[in-house]
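Engineer: Respectively, the protein sequence lines represent chains A and B.
The opening position of the first sequence corresponds to residue 1 in this note's numbering, with each subsequent residue numbered one higher.
The opening position of the second sequence corresponds to residue 1 in this note's numbering, with each subsequent residue numbered one higher.
Positions of the beta carbon are idealized from the N, C-alpha and C atoms, including for glycine.
What you are looking at is a predicted structure, and each value in this text was computed from that prediction instead of being measured.
Number of protein chains: 2
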Amino acid sequence: MSNPLFSTHEQLLKDAVAAIEKRTYWSAFPEIPSGKIYGETANENGKAAFESRLHQPYPLTLPSTVGQTGSERSPYGFALEISYPKVDLDPLLKTVLAAQKQWRAADPETWAGVSLEILQRLNRRSFEMAYAVMHTTGQGFMMAFQAGGPHAQDRGLEAVAYAWTELNHVPKTAYWEKPQGKNEPLKLNKQFKVVPRGIGLVIGCSTFPTWNAYPGLFANLATGNAVIVKPHPSAILPLALTVEIARQVLAEAGFDQNIVTLVAHEPDNDTPQKLALRPEIKIVDFTGSTKNGEWLERQARQATVYTEKAGVNQVVIDSTNDFAGMVKNLAFSVSLYSGQMCTAPQNFYIPKNGVETADGHLSFDQVVQGLVDSLNKLLGDPGRAVEILGAIQSDATLDRLESARKLGKLVCDTKTVAHSQFPDAAVRTPLVVQLAASDHDYYLQECFGPIVFVIPVDTAEQALELARMTSLRCGSLTFAVYSTKESVLNAAGEIAAEAGVSLSCNLTGGVYVNQSAAFSDYHGTGANPAANASLTDSAFVANRFRIIETRIPV
Amino acid sequence: MSNPLFSTHEQLLKDAVAAIEKRTYWSAFPEIPSGKIYGETANENGKAAFESRLHQPYPLTLPSTVGQTGSERSPYGFALEISYPKVDLDPLLKTVLAAQKQWRAADPETWAGVSLEILQRLNRRSFEMAYAVMHTTGQGFMMAFQAGGPHAQDRGLEAVAYAWTELNHVPKTAYWEKPQGKNEPLKLNKQFKVVPRGIGLVIGCSTFPTWNAYPGLFANLATGNAVIVKPHPSAILPLALTVEIARQVLAEAGFDQNIVTLVAHEPDNDTPQKLALRPEIKIVDFTGSTKNGEWLERQARQATVYTEKAGVNQVVIDSTNDFAGMVKNLAFSVSLYSGQMCTAPQNFYIPKNGVETADGHLSFDQVVQGLVDSLNKLLGDPGRAVEILGAIQSDATLDRLESARKLGKLVCDTKTVAHSQFPDAAVRTPLVVQLAASDHDYYLQECFGPIVFVIPVDTAEQALELARMTSLRCGSLTFAVYSTKESVLNAAGEIAAEAGVSLSCNLTGGVYVNQSAAFSDYHGTGANPAANASLTDSAFVANRFRIIETRIPV
């Protein structure tokens with residue numbers, strides 16, 4: 001008997017399945033932080049709920065608790081002073097294994113129904129989540145609401161839809177009758193049981209704690225796996241809230257709430273490594289550094305490991321019909337959340353002889369100046385600037401920004417922007433540095449943060465070749481090309497396919513290269529070093545379960 | 001423009017896709033080696049074609065050939081004396097990379113159409129293939145025909161159907177329009193390009209060179225990957241024939257025939273290791289020993305690795321309504337191809353106090369004697385025995401058989417059977433040795449060949465627990481249980497799910513535990529150490545390609 005939550009959410013699931021098959025525009029969770037949608041007092045209530053969490057232990061009861069941990073600081077300049085249960089891994093894993101047996105025994109309908117109920121509850125808490133994400137990641141409020149709330153929920157739903165689609169390819173039973181000429185046919189009844197892999201470990205990152213964690217979290221739940229969520233020490237709150245809601249829904253649905261647990265830990269200790277190598281962990285979903293991601297891929301041999309790591313995103317500017325639209329679009333792309341997005345562009349290849357535009361030829365310097373002017377215009381008003389830029393999430397990014405100033409010609413220095421509401425917030429405008437095409441040591445690596453390298457090249461062909469080589473060597477999640485020539489766009493398409501990177505052509509309006517829409521855009525491809533999997537395709541879910549067959553003669 | 005071969009075979013593909021969704025009985029390629037189906041002279045022609053290959057170089061022209069290799073011996077007692085092109089890996093890989101670009105540029109319809117044409121041509125050569133398989137593996141003719149020909153072709157077709165299903169979840173284009181309230185909606189055209197991983201390496205085994213290789217081979221081709229086939233040095237001929245046909249079809253379809261190549265090599269050299277670690281190899285499909293399979297999983301980090309390794313298959317006898325049917329069924333299962341099947345049962349757990357049958361209680365010794373009597377009856381006539389047993393494929397198996405005689409109480413010794421047509425064939429009847437439940441050193445490992453261990457246990461529960469522990473530790477592909485009690489069958493079902501092994505209950509008729517039917521039975525589960533993947537499910541194909549997106553504003 002399936003859980004009644006399945007019928008409650010069946011239409012939503014059907015709509016989501018239809019959406020992933022078409023990949024046109026679709027969204028289940030409204031992205032506008034409007035009182036008309038979320039309730040007139042939703043913002044105040046969410047803010048109050050966030051504030052009520054501060055300066056005290058988080059009200060989450062976990063098994064095998066041996067203390068408290070937590071030292072999050074808001075990038076807007078204050079300590080959250082929230083502590084979370086600290087768990088002892090040995091007994092925790094025993095408890096989760098026991099809970100996992102119960103979840104395994106449920107059916108795909110129940111896995112989907114419970115997953116969708118969790119997503120619906122998360123949606124209702126989107127304002128509270130927005131403040132939690134804002135004050136752990138440094139995102140501006142609007143982005144924290146959208147990327148931390150409805151967009152992350154959409155990504156979770158998308159994973160459930162893929163899981164459901166794959167599970168539905170497996171018939172539950174089959175009657176097999178093989179003719180034997182004149183003799184009686186052979187007859188068997190067959191049962192095909194979907195068996196989850198075991199326990200999935202979801203390792204969250206510091207910049208998009210929910211958006212990057214929900215695909216793995218919900219892909220696991222929807223295929224019957226228990227989930228241990230290990231947040232980044234600087235962004236625990238959004239995932240603690242997620243785990244709290246998941247546990248409430250599980251308990252209400254009659255399940256052991258330890259099917260979803262949280263392992264918070266101090267910065268720089270070896271909890272993640274210890275956990276990831278445990279034999280009980282059969283799946284790992286990771287977002288973070290290349291170093292940690294590659295370590296997991298190499299060492300966590302007992303598990304199937306999905307990683308999103310660092311990458312270098314690139315822009316090739318060859319020519320354009322809309323120079324103003326181009327620089328406006330690019331200025332926003334590099335400014336949004338201070339470039340602290342795995343999809344933000346870093347390397348800009350521009351012909352040293354300049355580019356053709358609808359308004360005539362522009363020199364290299366004019367193109368760069370156009371970009372700088374556009375940045376200044378976009379970020380000229382501090383009130384608006386802080387909403388776009390958010391705050392710098394970590395001191396490492398501030399250090400990186402400072403070092404990058406010395407790498408080449410300083411085209412546009414980074415500036416500090418005063419935040420009227422949070423005077424201690426670390427708000428910085430993007431830095432633009434001009435390098436040479438030969439400066440491989442500098443631009444063939446991810447410089448995470450508001451750092452833009454403009455690189456003069458001989459020709460568009462050289463630009464494309466540099467982009468190809470960089471993507472294959474360093475990995476890339478996004479690639480933007482501006483050209484009015486079919487031949488250049490086609491060549492970029494070839495290179496994108498070879499380097500396994502998503503391509504955006506001539507974005508000049510309200511779509512930005514760093515944005516990735518659930519149900520339509522694949523995030524990451526698994527085809528270059530930036531990620532070994534895509535969010536979300538069939539490959540992301542198909543390995544999270546096995547099929548065990550039973551044959552019984554009729 | 002898709003290749004016209006797609007429309008030629010479109011109905012076959014549709015039927016295969018329908019079959020994998022239902023997993024009832026279906027087969028595309030007739031398994032009866034009948035002149036009425038394959039042509040009145042098909043057998044003579046096939047035999048003549050096989051014989052015409054002997055004692056000379058195989059007529060296959062490969063790029064980068066630097067010599068000849070090949071030292072196959074028929075297990076029926078003669079040397080084939082066929083030599084094959086020996087290739088230089090460095091230039092070969094360059095050539096294959098170039099060919100791969102052309103294949104990548106084709107579309108899913110073309111990949112499927114060409115794959116299906118290869119399968120159809122292989123089907124027409126099934127008699128020739130039967131002799132090639134018989135005289136490399138030692139299989140009896142009927143099995144060599146079925147498992148080497150139509151059943152292998154069905155497994156290949158099944159992989160194409162799974163690949164096609166997964167590729168069809170990816171829309172080729174999408175128009176994305178996102179509402180913006182009162183403003184103009186955002187509008188993008190999106191293209192989703194399926195991009196294969198690169199070059200797939202398919203490593204064949206010595207006992208089922210085609211059956212175990214075709215799923216990986218055709219899953220790769222159908223997802224746009226080039227394929228290098230590396231046969232086992234003792235079973236090159238069946239895969240040389242396969243590669244020859246594939247190259248003919250590719251050339252006729254206007255493609256570079258180096259999309260499929262063969263790397264034959266001397267026994268015990270390091271060609272497989274060298275090849276498997278090449279950066280150009282992105283997928284490895286392997287069937288063989290646990291040692292080599294685990295080495296690949298650990299070392300071939302640049303590739304996605306699918307392995308089928310050793311396992312210990314088990315039978316639990318608790319009680320039966322049809323003792324005669326049970327022992328007849330089991331006797332055949334252990335005799336077929338002298339137990340040289342990865343699915344053949346090895347460990348038989350039988351209560352020391354005996355079992356209940358429809359004819360009353362039988363003691364442990366009576367149960368074992370029943371099995372021995374059934375073996376003697378099945379194999380009493382040498383003419384019939386040699387057809388069932390085939391010949392022992394390798395000297396290592398003969399040595400293992402000899403050693404196993406000394407492991408415990410010799411219940412039924414192995415006997416040599418004279419083959420009237422091939423006096424030098426190594427034909428042996430199964431050995432039955434009684435061990436103790438404590439003899440873990442002996443029965444917790446695969447003893448490949450006609451070796452049966454009967455193991456007295458206290459209770460059915462102990463038997464099931466031993467089976468569980470053995471499967472989890474050593475891996476298993478099959479698990480058979482005989483019981484008239486619901487409770488025992490249910491407990492076996494639980495254990496099968498936990499240990500990730502396919503379960504067969506009370507097989508007493510013409511279906512045997514070691515048989516696995518394409519389009520219905522999953523072969524291997526990926527959920528225990530015997531295999532990290534299943535033939536064939538979505539997970540087997542979904543990781544063989546990536547999706548690269550392009551976004552262009554409207």
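Is it the case that the CB of B:G510 approaches a heavy atom of the ligand PLP more closely than 6 angstroms?
Structural biologist: Among the components modelled here there is no ligand, and therefore nothing to report on the ligand PLP.
Engineer: On a Cα-Cα basis, can you pick out the residue from A:P529, A:R104 and A:Y306 that is closest to B:E498?
Structural biologist: It is A:R104.
Engineer: Among the residues of its own chain, which have a CB less than 7 angstroms from the CB of B:A467, if the five just before and after it don't count?
Structural biologist: If we look at B:A467 and ignore the five residues flanking it on each side, its Cβ neighbours are Q314, V316, Y349, F479 and I495.
Engineer: Tell me the DSSP bridge mates of A:W176?
Structural biologist: According to DSSP, A:W176 bridges with A:L188.
Engineer: Spatial neighbours of B:L398 within its chain, please: C-beta separation below 7 angstroms, excluding the five flanking residues on both sides.
Structural biologist: Around B:L398: I392 and A426.
Engineer: Go to A:E128, then tell me how far its alpha helix (DSSP H) extends in each direction, as first and last residue.
Structural biologist: A:E128 -> alpha helix (DSSP H) spans S126 to T137.
Engineer: Select from A:G510, A:I548, A:R551 and A:A530 the residue whose C-alpha is nearest the C-alpha of B:P574.
Structural biologist: Beyond the ends of chain B as shown, which are 1 and 554, falls residue 574 of chain B; an answer cannot be given.
Engineer: Could you pull the start and end residues of the beta strand (DSSP E) that A:T478 belongs to?
Structural biologist: It spans T478 to Y482 - the beta strand (DSSP E) in which A:T478 sits, taken as one unbroken run.
Engineer: Could you tell me which chain B residues have their CB closer than 9 angstroms to the CB of A:K193, listed as they occur along the chain?
Structural biologist: Result: G493, A496 and A497.
Engineer: Please tell me whether B:G524 has its Cβ less than 7 angstroms away from any Cβ of chain A.
Structural biologist: Closer than 7 angstroms: no.
Engineer: Contact between the segment 29–39 of chain B and the segment 200–216 of chain B: three or more CB pairs below 8 angstroms?
Structural biologist: No: fewer than three Cβ pairs fall under 8 angstroms.
Engineer: Within its chain, find whatever has a CB closer than 6 angstroms to the CB of B:E294; leave out the 5 residues flanking it on each side and keep chain order.
Structural biologist: Within the same chain, B:E294 has no close Cβ partners at all.
Engineer: Could you list which residues in chain A have their beta carbon closer than 9 angstroms to that of B:W295, in chain order?
Structural biologist: Result: empty, since nearest Cβ-Cβ is about 12 angstroms, beyond 9 angstroms.
Engineer: Counting only the same chain and skipping the five closest in sequence on each side, list residues whose C-beta sits under 6 angstroms from that of B:A460.
Structural biologist: The answer, listed in chain order, is D318 and V488.
Engineer: Can you tell me whether A:F218 is helix, strand or coil according to DSSP?
Structural biologist: A:F218 falls in the helix class under three-state DSSP.
Engineer: Between B:D107 and chain A, is there a C-beta pair that is closer than 7 angstroms?
Structural biologist: No, no contact with chain A.
Engineer: Comparing alpha-carbon positions, which option in B:Q102, B:V501, B:Q369 and B:T536 lies nearest B:A527?
Structural biologist: Of the listed residues, the one whose Cα sits closest to B:A527 is B:V501.
Engineer: From the beta carbon of A:A404, is the nearest beta carbon of chain B less than 7 angstroms away?
Structural biologist: It does not; no Cβ of chain B falls within 7 angstroms.
Engineer: Count the CB pairs spanning the segment 206–214 of chain A and the segment 139–156 of chain A that are closer than 8 angstroms, and state whether there are at least three.
Structural biologist: Judged by Cβ distances under 8 angstroms, the segment 206–214 of chain A makes contact with the segment 139–156 of chain A, as three or more pairs qualify.
Engineer: Scan the segment 517–549 of chain B for residues whose Cβ lies nearer than 7 angstroms to a Cβ of chain A and list them as they occur along the chain.
Structural biologist: Against chain A - using a Cβ distance shorter than 7 angstroms - the residues of the segment 517–549 of chain B are S520, D521, Y522, T525, G526, A527, S534, D537, S538, A539, A542, N543, R546, I547, I548 and E549.
Engineer: In the DSSP assignment, what are the bridge partners of A:E356?
Structural biologist: For A:E356, which the question treats as bridged, DSSP gives the partners A:S319 and A:H361.
Engineer: By alpha-carbon positions, which one of A:Y84, A:V368, A:E177 and A:V554 ends up nearest to A:P456?
Structural biologist: Nearest of A:Y84, A:V368, A:E177 and A:V554 to A:P456, Cα basis: A:V368.
Engineer: For A:A200, list the residues DSSP reports as bridge partners.
Structural biologist: Looking at the sequence itself, residue 200 of chain A is Gly, so the reference to Ala does not match. Beta-bridge pairing links A:G200 to A:V227 and A:I283.
Engineer: What are the partner residues of A:H523, as DSSP defines its beta bridges?
Structural biologist: BP columns for A:H523 point to A:L535.
Engineer: On the DSSP bridge assignment, give the partners of A:G67 in chain order.
Structural biologist: DSSP, once it has assigned bridges, lists A:K86 as partnering A:G67.
Engineer: Do you know how far the Cα of A:H265 is from the Cα of A:P231?
Structural biologist: Distance between the alpha carbons of A:P231 and A:H265: 8 angstroms.
Engineer: Taking A:P529 and A:K309 to be in contact with their CB atoms under 8 angstroms, please state how far apart those CB atoms are, rounded to whole angstroms.
Structural biologist: Contact flag correct, Cβ pair sits at about 7 angstroms.
Engineer: Rounding to the nearest angstrom, what Cα-Cα distance links A:F545 and A:A106 in this structure?
Structural biologist: Roughly 13 angstroms between the two C-alpha positions.
Engineer: Examine chain A for any beta-carbon lying closer than 7 angstroms to the beta-carbon of B:P553, and answer yes or no.
Structural biologist: Judged by the 7 angstroms Cβ criterion, B:P553 is in contact with chain A.
Engineer: Any beta carbon from chain A within less than 7 angstroms of B:T343's own beta carbon?
Structural biologist: Closer than 7 angstroms: no.
Engineer: For A:P553, which residues in the same chain have their Cβ closer than 7 angstroms to its Cβ, ignoring the five residues on either side in sequence?
Structural biologist: Within the same chain, A:P553 has close Cβ partners K187 and L188.
Engineer: Where DSSP assigns a beta bridge to A:I350, which residues make up the other side?
Structural biologist: DSSP output for A:I350 lists A:P456 as bridge partner(s).
Engineer: Taking Cβ to Cβ, would you say A:V481 is nearer than 7 angstroms to A:F453?
Structural biologist: No.
Engineer: Counting along the chain, where does the alpha helix (DSSP H) carrying A:T495 start and finish?
Structural biologist: The residue you asked about is not Thr; residue 495 of chain A is Ile in the sequence shown. E486 to A499 is the extent of the alpha helix (DSSP H) around A:I495.
Engineer: With 16 as the cutoff for other CB atoms within 10 Å, does A:R247 come out buried or exposed?
Structural biologist: So A:R247 counts as buried.
Engineer: According to DSSP, is A:I547 part of a helix, a strand, or is it coil?
Structural biologist: If DSSP states are grouped into helix, strand and coil, A:I547 belongs with the strands.
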